[in-house]
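Undergrad:
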Amino acid sequence: MAQQSLKRELQPRHIRLMAIGGMIGTGIFKGSADTISAAGPGIVFSYLFAGFLLLIVMSAIAEMAIAYPGLNIQGMIQKAFGSRFAFVIGWLYWIDWILVIIVEVLAGGSFLQYWIPSAPLWLLSLACTALLLFINLVSVKLYGEIEFWLASFKIITLVLFILLGFALLFGFIPNHEATYFTNYTSHGGFFPKGWGSIFTALLIVVFSFGGSELIGLTVTETKNVEQTLPKVIKGVMFRVVLFYTLPILIITGLIPWDEVGKQGSPFVQVFSATGLQGIAHIMNFILLTAVLSAANSGMYATSRILYSLAQNNEAPALFSRLTKRGVPIWGVLVSCIGLLIGAFIAFLTPEHVFGYMMSIPGFTVLLIWTSICLAQFKLRKQYSKMPYFRVWLFPYSTLFAAAALAIIFIFFLFNAGNIINSIVCVSILLLLSGLSIFIGRKESK
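Here is the structure:
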């Protein structure tokens, strides 16, 4: 295996679809059941608010990427706050993506159970892992091409779901009675648990959007990144409305919010409840490809994070080794070991595995997004040349996003229902902080 740099084989079209593909996965297709249960139809306001925060975060990434060509997310944070802080965020980001992949692969296994109910979740998840391993070991270009088509498939699916859902909602499908706005006004109304409930589900909503910042890892493998990133950023809110808000409104319009089950996907449940079983099978297949696409993005992210950490001497040098095709093979293999751990957890507690796995990535995404905003706020004063693309309404927008993310973070820590997850997350953070101090002292000797 030759020591070489990552290859710039990702095209602008790959990056645009990766940004979309990273944010369309288990968080919406399966996690929407949890968010709807937490807040009812009013959960759409949580998605819109989190989407606005995401817009600011991604704008900050684009601005820093143009100001400092060749730096990925970790490099930007290191430039702003030093190597110790970057060490913590880098490893936290890797843990985040490992857990995201586990969630996506487990979701893939659960969708396979729709057809093979007798097969255990852990076994079906292993089958999904083997497929991901093959895709990510071949080449960066193949990964980008596969992700491009899988993400395209997801987009087409959601658009068709919205169109068919509206047709069912307003009675345009023969032999199906229109529900119109009945389910929005009955069953406790649009906010059945009060306005405060839209904040309780924000952690899972943030988890749903986690992955969009993946483009911050692709800058070293992307052609014409300075022109590509701003174009991707400008479509963020449109994607939030199209891929999250409208599908949630369709689901809660066709099924009473308190009848949305947590087994399988609400998207499949919609068609099962309306008697369209054939479409339910097609939708389940599409959802399977969708979560595998998100897991594919996650596998890319984890291997590149380890590569970046190794390049900065913050991970074993083994992870900086590339194949002749520019693939960080050891990063991919170690990520697969993480998936094996996820399969083992599914073997032990298949009923609760999703609840355990979805909260921790939400926690890490909050920290990473906050760090990105603070890094952009600090680095803006240090630019040798002001980039042509800048965060709108700076510094107010950046400070607002950082403050809002910090409030959500504190709310998560002190929420009675998150005690165990809070302890786990804080323990991880303290461990990484301790390691950064230890390694820093060791290197200074």
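The sequence shown begins at 11 in my numbering and counts up one residue at a time.
The beta-carbon is built from N, C-alpha and C at its ideal position, and this holds for glycine as well.
Please read these numbers as outputs of a predicted model, since none were measured by experiment.
My guess is that L168 and F253 are in contact by the Cβ rule of under 8 Å, so how many angstroms apart are they, rounded?
TA: 5 Å
Undergrad: Answer yes or no: do P51 and T312 have a C-beta to C-beta separation smaller than 8 Å?
TA: no
Undergrad: Please look up how many angstroms separate the CB atoms of L142 and L134, rounded, as I've assumed it's under 8 Å.
TA: Not really, about 13 Å apart at Cβ, beyond 8 Å.
Undergrad: If contact is defined by three or more beta carbon pairs under 8 Å, each pair taking one atom from either stretch, is the stretch 95–112 in contact with the stretch 68–87?
TA: yes
Undergrad: So what does DSSP say about P127, is it helix, strand or coil?
TA: coil
Undergrad: So, is Y57 buried or exposed, given that buried needs 16 or more other C-beta atoms within 10 angstroms?
TA: buried
Undergrad: Less than 8 Å separating the beta-carbons of F329 and L316?
TA: yes
Undergrad: When DSSP labels each residue in this structure, what does V216 get in the three-state scheme?
TA: helix
Undergrad: Give the DSSP-derived three-state secondary structure of N146 in the structure shown.
TA: helix
Undergrad: Can you tell which of Y190, I165, V401 has its C-alpha closest to the C-alpha of A177?
TA: The shortest Cα separation from A177 among Y190, I165, V401 belongs to Y190.
Undergrad: Is it the case that the stretch 61–72 contacts the stretch 366–385, given that we only count it when at least three CB pairs across the two stretches are under 8 Å?
TA: With the cut-off at 8 Å, the stretch 366–385 and the stretch 61–72 touch.
Undergrad: Excluding the five sequence neighbours on either side, which residues of its own chain have a C-beta within less than 7 Å of the C-beta of R390, listed in chain order?
TA: Once the five neighbours on either side are set aside, the close Cβ partners of R390 are F404.
Undergrad: Using the Cα positions of E324 and A305, report the straight-line distance between them to the nearest angstrom.
TA: 25 Å
Undergrad: Beta carbon of A70, beta carbon of Q386: below 8 Å?
TA: yes
Undergrad: With a threshold of 8 Å on Cβ separation, who are the neighbours of M11 within its own chain once the five nearest residues in sequence on each side are excluded?
TA: Residue placement at M11 is poorly supported in this model, since its pLDDT is 42, which falls under 50; the coordinates still yield a value, given next. Closer than 8 Å at Cβ, skipping near neighbours: R331, L332, T333, K334, I339.
Undergrad: Taking all protein chains shown into account, do 16 or more other C-beta atoms lie within 10 angstroms of the C-beta of M293, making it buried, or fewer, making it exposed?
TA: buried
Undergrad: Among residues of its own chain, excluding the 5 on either side of A412, which ones have a beta-carbon nearer than 8 Å to its beta-carbon?
TA: T380, C383, L384, F387
Undergrad: Indicate the three-state DSSP secondary structure (helix, strand or coil) for K395 in the structure shown.
TA: coil
Undergrad: Determine the direct distance from the alpha carbon of W132 to that of G119, and round the result to whole angstroms.
TA: 7 Å
Undergrad: Rounding to the nearest angstrom, what Cα-Cα distance links S432 and L423 in this structure?
TA: 5 Å
Undergrad: Using only CA atoms, which one of M309, L264, V113, W205 lies nearest to E187?
TA: That would be L264, whose Cα lies nearest to the Cα of E187.
Undergrad: Could you tell me the alpha carbon to alpha carbon distance between G444 and S437, rounded to whole angstroms?
TA: If I take the Cα positions, the gap works out to 10 Å.
Undergrad: Going by Cα to Cα distance, which pick from I76, T374, A137 is closest to I418?
TA: T374
Undergrad: Roughly how many whole angstroms lie between the Cα atoms of V278 and H291?
TA: 8 Å
Undergrad: How would you write the range of the alpha helix (DSSP H) that L63 sits in, first residue to last?
TA: Where L63 is concerned, the enclosing alpha helix (DSSP H) stretches over 54–77.
Undergrad: Taking the alpha helix (DSSP H) that T262 falls in, what are its first and last residues?
TA: 256–264
Undergrad: Decide if Y310 is buried, meaning its Cβ has at least 16 other Cβ atoms within 10 Å, or exposed.
TA: Around the beta carbon of Y310, 16 or more other beta carbons sit within 10 angstroms, so the residue counts as buried.
Undergrad: Out of curiosity, what's the CA-to-CA distance linking F55 and T210?
TA: So the alpha carbons of these two residues sit roughly 12 Å apart.
Undergrad: Relative to the C-alpha of P5, which residue among S318, K395, V344, G308 is closest?
TA: Lying before the first or after the last residue shown, residue 5 is absent from the chain, which here runs from 11 to 455.
Undergrad: State the start and end residues of the unbroken alpha helix (DSSP H) segment that holds K89.
TA: Counting along the chain, the alpha helix (DSSP H) containing K89 begins and ends at 83–91.
Undergrad: Measuring CA to CA, which of K40, L302, A72 is closest to V401?
TA: A72
Undergrad: Taking the beta carbon of G199 as the centre, do at least 16 other beta carbons fall within 10 Å, making it buried, or is it exposed?
TA: exposed
Undergrad: What do you reckon, are the CB atoms on F163 and I296 nearer than 8 Å?
TA: It is a contact, given that the beta carbons lie within the stated cut-off.
Undergrad: Taking G348 as the reference, which of A320, L173, I111, P202 has the closest Cα?
TA: Per the Cα distances, I111.
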